Amino acid sequence: MKNNKIVIYIGILVIGVLLGWLLFGGSSNKEKDHNYNAVAETNQLWTCSMHPQIMQPEPGDCPICGMDLIPAESSTDGLLADQFKLTENAMALANIQTTVVGKGNVEGNTIKLSGKIAENEEANAVQVSYFAGRIERLNVSFTGEEVRKGQLLATIYSPELYAAQQELITAASLKESQPALYKAVRNKLKLWKLSENQINQIEETGKVKENFPVYATVSGTVTEKLVEQGDYIKQGQPLLKIANLNTVWGNFDVYENQIDRFKKGQEVMITTNAYPNKEFKGKVDFIDPVLNTKTRTVTLRVVLSNKDDVFKPGMFVTANIEGSTAKNDEVLSIPASSVLWTGERSVVYLKTNPDQPIFEMREIKLGNQIGNEYEVVEGLFVGNEIVTNGTFTVDAAAQLQGKKSMMNKDGGKVMTGHEGHLGMDNNASNKESDHTNMNERLEVSEKFQQQLNSVYNAYINLKDALVKEDSISTSANATTLLNKLNKVDMKLLSDNKAHNHWMSLEGEIKSSATSISETSDIKSQRDHFKHLSSHLINAVQLFGINEKVYVEFCPMADNNNGAYWLSKEEKVINPYFGEAMLTCGEVKQVIE
Numbered sequence: 183m184k185n186n187k188i189v190i191y192i193g194i195l196v197i198g199v200l201l202g203w204l205l206f207g208g209s210s211n212k213e214k215d216h217n218y219n220a221v222a223e224t225n226q227l228w229t230c231s232m233h234p235q236i237m238q239p240e241p242g243d244c245p246i247c248g249m250d251l252i253p254a255e256s257s258t259d260g261l262l263a264d265q266f267k268l269t270e271n272a273m274a275l276a277n278i279q280t281t282v283v284g285k286g287n288v289e290g291n292t293i294k295l296s297g298k299i300a301e302n303e304e305a306n307a308v309q310v311s312y313f314a315g316r317i318e319r320l321n322v323s324f325t326g327e328e329v330r331k332g333q334l335l336a337t338i339y340s341p342e343l344y345a346a347q348q349e350l351i352t353a354a355s356l357k358e359s360q361p362a363l364y365k366a367v368r369n370k371l372k373l374w375k376l377s378e379n380q381i382n383q384i385e386e387t388g389k390v391k392e393n394f395p396v397y398a399t400v401s402g403t404v405t406e407k408l409v410e411q412g413d414y415i416k417q418g419q420p421l422l423k424i425a426n427l428n429t430v431w432g433n434f435d436v437y438e439n440q441i442d443r444f445k446k447g448q449e450v451m452i453t454t455n456a457y458p459n460k461e462f463k464g465k466v467d468f469i470d471p472v473l474n475t476k477t478r479t480v481t482l483r484v485v486l487s488n489k490d491d492v493f494k495p496g497m498f499v500t501a502n503i504e505g506s507t508a509k510n511d512e513v514l515s516i517p518a519s520s521v522l523w524t525g526e527r528s529v530v531y532l533k534t535n536p537d538q539p540i541f542e543m544r545e546i547k548l549g550n551q552i553g554n555e556y557e558v559v560e561g562l563f564v565g566n567e568i569v570t571n572g573t574f575t576v577d578a579a580a581q582l583q584g585k586k587s588m589m590n591k592d593g594g595k596v597m598t599g600h601e602g603h604l605g606m607d608n609n610a611s612n613k614e615s616d617h618t619n620m621n622e623r624l625e626v627s628e629k630f631q632q633q634l635n636s637v638y639n640a641y642i643n644l645k646d647a648l649v650k651e652d653s654i655s656t657s658a659n660a661t662t663l664l665n666k667l668n669k670v671d672m673k674l675l676s677d678n679k680a681h682n683h684w685m686s687l688e689g690e691i692k693s694s695a696t697s698i699s700e701t702s703d704i705k706s707q708r709d710h711f712k713h714l715s716s717h718l719i720n721a722v723q724l725f726g727i728n729e730k731v732y733v734e735f736c737p738m739a740d741n742n743n744g745a746y747w748l749s750k751e752e753k754v755i756n757p758y759f760g761e762a763m764l765t766c767g768e769v770k771q772v773i774e
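Numbering-wise (our numbering), the sequence shown opens with residue 183 and increments by one.
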């Protein structure tokens, strides 16, 4: 009996456990599975295998090519939105070096300012006509022509002056009876700058002159012709601008936090690329009391003797000035090699973790250049660690991962356009499980590298033609580059990521080269060459060409916005200025 009760109790317990599992256990697991799947579906993004810049919150078709979207794997690096990571291999390959920012004492150091030569406005003159008429003959043929005071510049036929001469002849016969009228007529002619001798000659001969001469009132160089032969002119209308270039101005920009280091009368040593082995002395003549609110600078002016015609208006010059002690002589300074320029922006790359190769772009404002360093006005603090060698490679890595970079200040998915962006459709990393691999050079066949090398060699010939300022040869070499580009076999790129990058870059290179080939204007060719260089630099960085390549930069190119180019040699030969500034620039990166 007792054993039967035990069996009954055990049976009831088993049935209770079974009912509990059926009622609660299954639904709990089901709920957990449901919640997990809901979270996964909520966080899942979808991308296109051919257009990785496409990111959708749900599956569907690619809006560009119509292919089915695939799941995009998310990063597990735990980095902040603007940060990215390099592999140790990439660090070694690009010889990336960093340094910790510190304050330096500039007292007693030479401060370097960049500027331009301008005409001395105090010595400029405008030659005008003192009477209306038609220019019968213009004796000045071209700008740059030297003229002397008293030299015949033009002859003018003036109906008003013709009538005034007849009035003089009539008044001369009545000067005894109407002396006031006679005097008034003579004064009228004097107002038109006729000399006493000219007036007397008209009166004595009784003959009216049809054409009257215009003589130079000053000596100098004709800087602008404002009229042409045959033009009708009004009284007082400017004919020529004449500049006396025996003295010229050197205008330099000084940042507002450096104004107290300069004073009137301070000695300045001027150098120019036109005469690399010479120095010219000058003194600070004027410091503009009004600040330029856009650039946060004032103009410092130096008057230079130019009796030997050394300086030409528009010429770039550098001033080396011994800076006086500032109120705060401790300034933040960084190596020039750490800075990348684009437009009006200057950027550096911070190493945000001292123990790991994690980087982040930082936009800064620079002050004056002191030796091989720049003063930092804002954007950095003492103790920041920044990239000082290999900066261009780090920037390329930032672009590849869609982070903030030199040409993409907002980060995110970057589409290349005709604005000269160095960015590409570089977000294939979103569908790569290991994001750090994006920093390494893409693996491509040696045959593809050889074909890209042929494009690079055509580019070098184009660059050399720009150095020589030969627009015809530049156009021809651009056509050759296009032919080489068409022979690059995209089928050699089996990797989907490499294929996507080349598709983007090829289109941009072709567009820039075509624009160069279709114009003979050297300025326009150089504008397109800047864009061509940007995209070809990215291509060489990504794929390699089995050759050492130098990436060089001139901060004064493109109206002081700065521009890059590629070179086979370390020596800087600038394609953006030619003979005017042949050696302006520096090596920013070496691509092995």
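Think of the CB as a built atom: it goes at the ideal place given N, C-alpha and C, for glycine as much as any other residue.
It should be emphasised that the depicted structure is a prediction, and the values quoted were computed from it without experimental measurement.
In the DSSP assignment, phenylalanine 434 forms a beta bridge with Gly297 and Leu482. Isoleucine 293 places its beta carbon 9 Å or farther from that of glutamine 583. In this structure, isoleucine 642 lies away from isoleucine 568, with their beta-carbon atoms at least 9 Å apart. Between threonine 573 and glutamine 771, the C-beta gap is smaller than 9 Å, which places the two residues in contact.
The beta carbon of leucine 261 is closer than 8 Å to those of Lys267 and Ile540 in its chain, skipping five residues each way along the sequence. Taking all protein chains in view, the Cβ of arginine 368 is crowded by 16 or more other Cβ atoms within 10 Å, so the residue is classified as buried. For asparagine 571, DSSP records a beta bridge to Gln279.
In this structure, the CA atom of alanine 518 is about 14 Å from the CA atom of glycine 744.
With distances taken between CA atoms, glycine 496 lies nearest to Ser296 out of Ala660, Ser296 and Lys750.
A direct Cα-to-Cα measurement between leucine 522 and asparagine 742 gives close to 13 Å.
DSSP links cysteine 736 through a beta bridge to Ala745.
With fewer than 16 other CB atoms across the displayed protein chains lying within 10 angstroms of its CB, phenylalanine 563 is exposed.
For glycine 418, there is no enclosing alpha helix (DSSP H), as DSSP marks it with neither H nor E. Looking at the DSSP output, lysine 267 bridges to Ile540.
Take lysine 370, set aside five residues on each side of it, and the residues of its chain with a beta-carbon closer than 7 Å to its own are Ala346, in chain order.
Cβ-Cβ distances below 6 Å link alanine 305 to Asn426 in the same chain, with the five nearest sequence neighbours on each side left out; the list follows chain order. In the DSSP assignment, phenylalanine 394 forms a beta bridge with Ile338. Per the C-alpha coordinates, the member of Ile503, Phe394, His717 and Asn474 positioned closest to isoleucine 338 is Phe394.
Separation of the CB atoms of isoleucine 278 and asparagine 474 is rounded to 36 Å, and the pair is thereby denied contact status at 8 Å. Here the alpha carbon of valine 430 sits roughly 12 Å from the alpha carbon of lysine 465.
Judged by pairs of C-beta atoms under 8 Å, the segment 674 to 683 touches the segment 625 to 640, as three or more such pairs exist. A distance below 6 Å between beta-carbons, with the five flanking residues on each side excluded, links tyrosine 414 to the following residues of its chain, in chain order: Arg316.
Residue pairing of valine 466 in beta bridges, as defined by DSSP: Val484. Beta-bridge partners assigned by DSSP to asparagine 635: none are found. The beta-carbon separation of alanine 647 and asparagine 635, rounded to 19 Å, does not stay under the 8 Å limit for a contact.
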